[in-house]
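J.: Below is the structure I would like to discuss, written out as structure tokens.
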Amino acid sequence: MNNKEEQLNALNDIRKMMDRSSRFISLSGLSGVFAGFTALVGAWLAHVQLSSYLNQSGEYSRIGYDSDLDLEYNLLKIGFGVLIIALAGGFLLTLRQSKKKKLPFWDHTIKKLLINLAIPLVAGGLFIIALLVAHPGTYALVAPACLVFYGLALINASKYTYGDIRFLGICEIVLGLIALFYSGYGLYFWAIGFGILHIFYGMLMYFKYERAD
Amino acid sequence: MKNPIEALNKIFDSRIRLGVMSVLIVNDSISFNELKQLLDLTDGNLASHLNTLEQAQYLKIHKAFIGKKTNTTYSITELGRQSFKAHLDALEKMIKGI
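Read top to bottom, the protein sequences are chains E and P. Following my numbering, the numbering of the first sequence begins with -7 at its first residue and continues without gaps. Following my numbering, the numbering of the second sequence begins with 46 at its first residue and continues without gaps.
Structural data, given as structure tokens:
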């Protein structure tokens, strides 16, 4: 029936408009895959640093040298490097995706997404900086705190993009909480959470939303 | 028997007005330019449809300035929300009924 088809089309239009105007749907799954690989490389570099620190080899073997501070500095350098490369890659891949979909990149949906992502993330970042600066001996909490706060940020942001992000957030939180009970394995949990989960979810979203189009 | 088309709101006959209402129902407020971009319309076309919706008291207009430029934002009224919902219910009934 023609009339029925027309009404169905109208409903379809309504749904599309509601989605398009309230959610950022150009988020590229590939940016998750890219961030995951970057995190794995970062975790491997950190692992190399840590094991040479534990064996007191390489640059950590110099006598009369504050190797603790040096290690902390090197790990921070790796951490920020990973963050910047992953963000830049995600930005470019998402920009490409929004061009492909012919949707505006910088509109109110991405602003909402970024603000809601940033609130728990900034809180978590300050929490971790406070741990490092004001609470000596709490290094074991850094990786679990990263995972938990990142998970909270994803859940908070999921209302403004694909709902799948919510489940990724829940996985990150669960992983972070498990990591709290296994002190000393923080780096492995970090690699699973930021590396493997990102790659897995990125591929899932890529095949679900990008290959289908 | 009652004609199911009677329950459909005449104001929402236009796809554009339906689109505007769909956007407004999920966003607290939205600017003229964002609406224009989303619906892919010209200024004049969008303005005339917004006018119709305003006269029906389905949306509220809020005018503000960003620097020297006017920034007009729109939000849905309670009447608009109810009418849109009633229209969707009527659509649903029609589709199920036919």
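Note that the Cβ used here is the ideal one computed from N, Cα and C, for glycine as well. Everything numeric in this text was worked out from a predicted model, so none of it was measured.
Would you say L136(P) reaches chain E, if we count a Cβ-Cβ gap shorter than 7 Å as a contact?
T.: Translated into positions along the second sequence, residue 136(P) becomes position 91. Interface residue, yes.
J.: Quick one: does the C-beta of L63(E) sit closer than 6 Å to a heavy atom of the ligand ADP?
T.: The ligand ADP is not part of this structure, which contains no ligands at all.
J.: What residues from chain A crowd round L63(P), counting only those whose CB sits closer than 9 Å?
T.: Looking at the structure shown, chain A is missing, and the protein chains on hand are E and P.
J.: Taking the alpha carbon of L87(E) as the point to measure from, which residue in G21(E), N1(E), A31(E) and V166(E) has its own alpha carbon closest?
T.: Indexing the first sequence from 1 puts residue 87(E) at position 95. That would be G21(E), whose Cα lies nearest to the Cα of L87(E).
J.: Indicate the three-state DSSP secondary structure (helix, strand or coil) for A109(P) in the structure shown.
T.: The residue given as residue 109(P) occupies position 64 in the second sequence. If DSSP states are grouped into helix, strand and coil, A109(P) belongs with the strands.
J.: Start and end of the alpha helix (DSSP H) containing N90(P)?
T.: Within the second sequence, residue 90(P) is the residue found at index 45, counting from 1. Run containing N90(P): D88 to Q100, per the alpha helix (DSSP H) assignment.
J.: Who are the near neighbours of V74(E) in its chain, counting only those whose CB is closer than 7 Å to its CB and skipping five residues on each side?
T.: Looking up residue 74(E) in the first sequence gives position 82. Hits under 7 Å: T30, A31 and G34.
J.: Relative to the alpha-carbon of M10(E), which residue among R62(P), D58(P), R60(P) and I70(P) has its alpha-carbon at the smallest distance?
T.: Mapped onto the first sequence, residue 10(E) falls at position 18. Among R62(P), D58(P), R60(P) and I70(P), the Cα nearest to that of M10(E) is on I70(P).
J.: Just checking: is the beta-carbon of K(-4)(E) within a distance shorter than 7 Å of some beta-carbon in chain P?
T.: Mapped onto the first sequence, residue -4(E) falls at position 4. K(-4)(E) has a beta carbon lying within less than 7 Å of a beta carbon in chain P.
J.: Using beta-carbon positions only, say whether Y103(P) and G125(P) come within less than 7 Å of one another.
T.: One-based indexing of the second sequence puts residue 103(P) at position 58. One-based indexing of the second sequence puts residue 125(P) at position 80. Cβ distance < 7 Å, so Y103(P) and G125(P) count as in contact.
J.: Can you name the start and end residues of the alpha helix (DSSP H) that I157(E) belongs to?
T.: What you label residue 157(E) is simply residue 165 of the first sequence in a count that begins at 1. Start and end: D156 to F173.
J.: Rank V68(P), L83(P) and R62(P) by C-alpha distance to the C-alpha of N96(P) and give the top, closest one.
T.: Residue numbering aside, residue 96(P) sits at position 51 when the second sequence is read from its first letter. Looking at the Cα atoms, R62(P) is the closest of the given residues.
J.: Indicate the three-state DSSP secondary structure (helix, strand or coil) for N116(P) in the structure shown.
T.: Within the second sequence, residue 116(P) is the residue found at index 71, counting from 1. It is a strand residue.
J.: From Y142(E) to L113(E), what distance separates their C-alpha atoms?
T.: Residue mapping note: residue 142(E) aligns to position 150 of the first sequence, counting from 1. Residue mapping note: residue 113(E) aligns to position 121 of the first sequence, counting from 1. The alpha-carbon separation between Y142(E) and L113(E) amounts to approximately 6 Å.
J.: In angstroms with no decimal places, state the Cα-to-Cα distance between F192(E) and R203(E).
T.: As a position in the first sequence, residue 192(E) is number 200, starting the count at 1. As a position in the first sequence, residue 203(E) is number 211, starting the count at 1. Going from the Cα of F192(E) to the Cα of R203(E) covers about 15 Å.
J.: Go ahead and pull the three-state DSSP assignment for I17(E).
T.: Walking along the first sequence from the start, residue 17(E) turns up at place 25. Three-state DSSP puts I17(E) in coil, outside helix and strand.
J.: Between L139(E) and G185(E), is the Cβ-Cβ spacing less than 7 Å?
T.: What you label residue 139(E) is simply residue 147 of the first sequence in a count that begins at 1. What you label residue 185(E) is simply residue 193 of the first sequence in a count that begins at 1. Closer than 7 Å, so yes.
J.: Tell me whether L69(P) sits in a helix, a strand or coil according to DSSP, three-state version.
T.: Stepping through the second sequence from its first residue, residue 69(P) is reached at position 24. Looking at L69(P) - three-state DSSP - the assignment turns out to be helix.
J.: What would DSSP say about S76(P), mapped onto helix, strand or coil?
T.: On the second sequence, residue 76(P) is found 31 positions in, with the first residue counted as 1. It is a strand residue.
J.: From E123(P) to R12(E), what does the alpha carbon distance come to, in whole angstroms?
T.: Taking the first residue of the second sequence as position 1, residue 123(P) is located at position 78. Taking the first residue of the first sequence as position 1, residue 12(E) is located at position 20. Each residue's Cα considered, the two are about 23 Å apart.
J.: Excluding the five sequence neighbours on either side, which residues of its own chain have a C-beta within less than 8 Å of the C-beta of I121(P), listed in chain order?
T.: Taking the second sequence and counting its residues from 1, the one referred to as residue 121(P) is at position 76. If we look at I121(P) and ignore the five residues flanking it on each side, its Cβ neighbours are M66, L69, I70, Y103, L104, K105 and F129.
J.: So, with DSSP's three-state summary, where would you put L118(E)?
T.: Translated into positions along the first sequence, residue 118(E) becomes position 126. Shown here, L118(E) sits in a helix according to DSSP, grouped into three states.
J.: Which bits of chain P does R12(E) rub up against, with CB to CB less than 7 Å?
T.: Here residue 12(E) refers to the residue found at position 20 of the first sequence. Neighbours of R12(E) in chain P, taken as residues at a C-beta separation under 7 Å, are given in chain order as L83.
J.: Among the residues of its own chain, which have a CB less than 8 Å from the CB of L144(E), if the five just before and after it don't count?
T.: Locating residue 144(E) in the first sequence gives position 152, counting from the first residue. The residues are P112, G116, G161 and I165.
J.: Going straight from the alpha carbon of T130(E) to that of L68(E), what length do you get?
T.: Position 138 of the first sequence holds residue 130(E). Position 76 of the first sequence holds residue 68(E). Taking the straight line joining both Cα atoms gives about 15 Å.
J.: Within a Cβ cutoff of 7 Å, which residues of the same chain sit near L167(E), ignoring the five residues on either side of it in sequence?
T.: The residue you call residue 167(E) lines up with position 175 of the first sequence. Only L139, F181, I184 and G185 meet the Cβ criterion.
J.: My output table needs one value for L95(E): the three-state DSSP class, helix, strand or coil.
T.: Taking the first sequence and counting its residues from 1, one reaches residue 95(E) at position 103. Here L95(E) carries a coil assignment [DSSP, helix/strand/coil].
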